[in-house]
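> Just so you know, the sequences run in chain order A and B. Under this note's numbering, think of the first position of the first sequence as 64, with each following residue one higher. Under this note's numbering, think of the first position of the second sequence as 64, with each following residue one higher. Don't be surprised by glycine CBs; every beta carbon is placed ideally from N, CA and C. Input: one structure, supplied below.
Protein chains: 2
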Amino acid sequence: MTAENRAEHGTGHALGHGTAVPLTERQEARRRRILDASTRLASRGGFDAVQMREVAEEAGVALGTLYRYFPSKIHLLVAVMQDQLRHLHTTLRKRPPAGADPAERVAETLMRAFRALQREPQLADAMVRALIFADRGASAEVDEVSRLTTAIILDAMGTGQPTPERLSAVRVIEHTWHSALITWLSGRSSIAQVKVDIETVCRLIGGSA
Amino acid sequence: MTAENRAEHGTGHALGHGTAVPLTERQEARRRRILDASTRLASRGGFDAVQMREVAEEAGVALGTLYRYFPSKIHLLVAVMQDQLRHLHTTLRKRPPAGADPAERVAETLMRAFRALQREPQLADAMVRALIFADRGASAEVDEVSRLTTAIILDAMGTGQPTPERLSAVRVIEHTWHSALITWLSGRSSIAQVKVDIETVCRLIGGSA
DNA sequence: CGTTAATCTAGAACAAGTTACAGACTCGCC
DNA sequence: GGCGAGTCTGTAACTTGTTCTAGATTAACG
């Protein structure tokens, strides 16, 4: 293993997961093309439209290569979500929420994220469905998403070192956030209802913790 | 359409959904055999082990028949969940939670349900994954599950006519419940952590609503 | 009973995720 | 420049959810 990369498993599989495997420039480019192709396809037709063969073709890589970079469709879409969350996080850092108390700021932040998702409902569908459907095999990647989400919420709270209490609160907020998104995506609750749910959890939880 | 039933669609498809289509005794039996076979398979290997061909074989029906009764694997597993929830509900009615205030009783109820799921983690996996992965095509069936869950929680609260406030609270509790289960099932949080999450949401939400 | 519409069965066929493999290619190194 | 390890490509095969079809079976009704 001296060429384009050194994988972390003896099997010679799995690229770019875990910790900082240095990627060639061409590999970095491939990875990006794959993520972009997935995002494009997801934006059009949601979860079902992200078909591995199509992703591979659009990205200009062989199917086997796609699977080397992302060992399953779930991994792929979770990676897309990480991508989007990182965008969101930097955007939010530039224009932080302006609410008076932490609960308001968190609610505002989540509603901003929600509006972004509403602009790309199909993409949201693909990402969120992948996220929650992920099984143990993708837990590391999903954990990263969770870390990013937590960071965003804590940033919005803006109260410095979080207490254990606060961390519990953030967990509940995240649970509500994900589950509310699901009900919206599957057409079982309205945008207004999601808004209410988010505001409810932020008010009640954020207020007391 | 005069034989074993009269379906509700012109296509002659979809059996036993929507409103009270009277089923023959043999049809009722088939339906039950299918649900039982699914439950058995799910208990063994979780979501992935519920394979439509196997379900059909174990239940002694043809594959096409299985699909007539349950138009997708998701529908099937959501029906299994309805089944289990109905069991749980009647069990709970017999031995209602004993906590002093509503929040405690809800937490106790959910923890009891959680312990039941821990006894059959694979079955839990199958049911919960199906539930959250369900798309618009199964929203009616998922709504029924939601109705059942809400009823169980409201029963545990035991405070008669729920106020709109209280209903919002129950929504947040349900969101947290589902999402916490997911994190547990996918190995991203411990049993203890789920317990904390449930208690947190019940305390904070149940207390103030 | 016989008719008839609907259901059920058995099995093939199709779709999309995943795996496997042989050969071409690339990179770092001598 | 050539070597060797590791990649990438193209393609076929396999798996499992889903659909389709032709024929056997069943149930209600006269």
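Cα separation between Q19(B) and R96(A)?
No statement about residue 19(B) is possible, as the shown extent of chain B runs from 64 to 272 and does not include it.
> Kindly indicate which residue of W240(B), H238(B) and L217(B) has the alpha-carbon position closest to the one of R229(B).
When each option's Cα is compared against that of R229(B), the closest is L217(B).
> Taking all protein chains shown into account, decide if I254(B) is buried (16 or more other Cβ within 10 angstroms of its Cβ) or exposed.
Result: exposed.
> Answer with buried or exposed for K136(A), where buried requires no fewer than 16 other C-beta atoms within 10 angstroms of its C-beta.
K136(A) should be labelled buried.
> Below 7 Å between beta carbons is the criterion; list the residues of the segment 248-265 of chain A that meet it against any residue of chain B, in chain order.
Cβ contacts with chain B come from S249, G250, R251, V259, D260, T263 and V264.
> Step through the CB atoms of chain B and report whether any lies within less than 7 Å of the CB of T239(A).
Chain B contact via Cβ: present.
> At the level of alpha carbons, what is the spacing between I195(A) and F177(A)?
The alpha-carbon atoms of I195(A) and F177(A) are separated by roughly 17 Å.
> May I ask you to report which of helix, strand or coil DSSP gives R158(A)?
DSSP places R158(A) in coil when its eight states are reduced to three.
> Relative to the C-alpha of T102(A), which residue among V169(A), D206(A) and Q145(A) is closest?
Nearest C-alpha to T102(A): Q145(A).
> Closer than 7 Å between beta carbons: that is the criterion. Which residues of the segment 185-202 of chain A meet it against chain B?
Under the 7 Å Cβ criterion, the segment 185-202 of chain A contributes R192, I195, F196, A197, D198, R199 and S202.
> Pick helix, strand or coil for A145(A), following the three-state DSSP scheme.
For clarity, residue 145(A) is Gln in the given sequence; the question names Ala instead. Helix at Q145(A).
> Quick one: residues in its chain with C-beta nearer than 6 Å to the C-beta of S302(B), no 5 flanking neighbours on either side, listed in chain order?
With chain B covering only 64 through 272, there is no way to say anything about residue 302(B).
> Quick one: grab the DSSP three-state call for A187(A).
In the structure shown, A187(A) sits in a helix (DSSP, three-state: H, G or I).
> Where does A272(B) sit, in a helix, a strand or coil, going by DSSP?
With a pLDDT of only 49 at A272(B), under the threshold of 50, the placement of this residue in the model should not be trusted, and no figure is reported.
> Go to R251(B), then tell me how far its alpha helix (DSSP H) extends in each direction, as first and last residue.
No alpha helix (DSSP H) holds R251(B); DSSP gives it neither H nor E.
> Is A231(A) close to chain B, meaning its C-beta is less than 7 Å from at least one C-beta of that chain?
For the record, residue 231(A) in the displayed sequence is Ser; it is not Ala. Interface residue, yes.
> Take the Cβ of D188(B) as the centre, count every other Cβ of all protein chains shown within 10 Å, and call the residue buried at 16 or more, exposed below.
That one is buried.
> Counting C-beta neighbours from all protein chains within 10 Å, is the total for H72(A) 16 or more, i.e. buried, or is it exposed?
At H72(A) the pLDDT is 35, less than 50, meaning the model places this residue with poor confidence; the figure from the coordinates comes in the next sentence. Exposed.
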